[in-house]
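Peer 1:
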Amino acid sequence: MVVQNKSKKNDFIPLLEIIKEKYGLLNIFLIIFSIFFIGIFRTMANYLPEEKKLSHLIWLGIFVNSIIFIIGILPFCNIIKKDLFSINWPSFKEIIIQLIKIIIFVIVLVNLVHYFEFFYSNFL
1 MVVQNKSKKN DFIPLLEIIK EKYGLLNIFL IIFSIFFIGI FRTMANYLPE EKKLSHLIWL
61 GIFVNSIIFI IGILPFCNII KKDLFSINWP SFKEIIIQLI KIIIFVIVLV NLVHYFEFFY
121 SNFL
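First residue of the sequence shown: 1, per my numbering; consecutive thereafter.
(1) Would you kindly work out how many angstroms separate the C-alpha atoms of S125 and I28, rounded to a whole number?
(2) Going by the beta-carbon positions, is the gap between S66 and I40 smaller than 9 Å?
(3) Determine, using beta-carbon pairs with one atom in the segment 71 to 82 and one in the segment 99 to 113, whether at least three such pairs fall under 8 Å.
(4) By the DSSP assignment, the alpha helix (DSSP H) with W125 in it spans what residues?
(5) Suppose you measure from the CA of K22 to the CA of W89; what does that come to, to the nearest Å?
(6) L30: buried (16+ other C-beta within 10 angstroms of its C-beta) or exposed?
(7) Using 8 Å for Cβ pairs, my map puts I58 next to S34. What's the rounded Cβ distance?
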């Protein structure tokens with residue numbers, strides 16, 4: 001029993017290891033760092049009195065941290081873009097046919113609700 005628990009523990013790959021391999025800790029640190037400091041600068045912009053505000057420095061901090069956030073999120077966007085281009089999308093004709101089916105289904109469903117409401121109010 002103890003041996004099985006140790007083998008199961010070794011087979012388990014923690015989420016942090018997957019994130020390290022796929023995205024890198026630097027990118028995740030950049031995202032968390034920038035979100036944290038964007039929040040701090042935005043709070044400073046909202047709650048400091050007008051006399052004590054250095055509004056141009058606060059907005060510069062928000063801008064710089066937004067750029068850091070964009071740099072940190074680019075690897076995620078590249079992976080998503082690769083995944084989207086690897087999908088076999090249906091043809092335009094199939095998409096239109098599915099949309100028509102959905103519209104007809106919704107029309108029938110709405111009419112059924114109205115008919116049941118009519119019968120319920122008049123006959124019951």
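All C-beta atoms in this analysis are idealised placements derived from N, C-alpha and C, irrespective of residue type, glycine included. Nothing here was measured: the structure is a model prediction, and the numbers come from that model.
Peer 2: Judging by the given coordinates:
(1) Outside the displayed range of the chain (1 to 124) lies residue 125, so it cannot be described from this structure.
(2) Indexing the sequence shown from 1 puts residue 66 at position 66. Indexing the sequence shown from 1 puts residue 40 at position 40. In this structure, I40 does not lie closer than 9 Å to S66 by Cβ.
(3) Judged by Cβ distances under 8 Å, the segment 71 to 82 makes no contact with the segment 99 to 113, as fewer than three pairs qualify.
(4) No answer is possible for residue 125: the residues shown for the chain start at 1 and end at 124.
(5) For the purposes of this step, residue 22 is identified with residue 22 of the sequence shown, where counting begins at 1. For the purposes of this step, residue 89 is identified with residue 89 of the sequence shown, where counting begins at 1. Just so you know, the alpha carbons of K22 and W89 end up roughly 25 Å apart.
(6) Locating residue 30 in the sequence shown gives position 30, counting from the first residue. Answer is buried; the Cβ neighbour count reaches 16.
(7) Indexing the sequence shown from 1 puts residue 58 at position 58. Indexing the sequence shown from 1 puts residue 34 at position 34. About 15 Å separates the beta carbon of I58 from that of S34, a gap too long to meet the 8 Å contact definition.
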